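The structure appears right after this line, and notes come after that.
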Amino acid sequence: MGYQKCKSTGFALIYDTLDFAKKFEPRYRLARQGVVEPKKVARKQRKDRKNRMKKVRGTKKAVIKDSKKK
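Counted the way the UniProt record's numbering counts, the sequence shown spans residues 1 to 70.
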């Protein structure tokens, strides 16, 4: 068993209402909890976006990330 004393620590975010949780939590966490429906993005779109992000460096990635292909 080693040096551990069978004690676990945890971290929790507790909100008063669901509206507060929706306001402050990221969408991926809400989707994991089943509060919101996760986005359905095609695999090809995800791969294209990943490869576009690989071509730029630094703060320019934010511009690429937010741009939509027309």
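Note that CB positions come from ideal geometry on N, CA and C, so glycine has one too.
Small disclaimer: the values here were computed from a predicted structure and weren't measured.
Helix, strand or coil at residue i [DSSP, three-state]
i: F24; result: helix
i: V63; result: helix
i: D16; result: coil
i: R57; result: coil
Residue i to residue j span [Cα, whole Å]
i: L30; j: K5; result: 33 Å
i: P26; j: T17; result: 16 Å
i: Y28; j: G34; result: 10 Å
i: K50; j: F20; result: 32 Å
Beta carbon of residue i nearer than 9 Å to that of residue j
i: M53; j: K44; result: no
i: V36; j: K22; result: yes
Cut-off 7 Å between Cβ atoms - residues of its own chain near residue i, not counting five sequence neighbours on either side
i: T9; result: none
Host alpha helix (DSSP H) of residue i (start-end)
i: K47; result: R43 to K54
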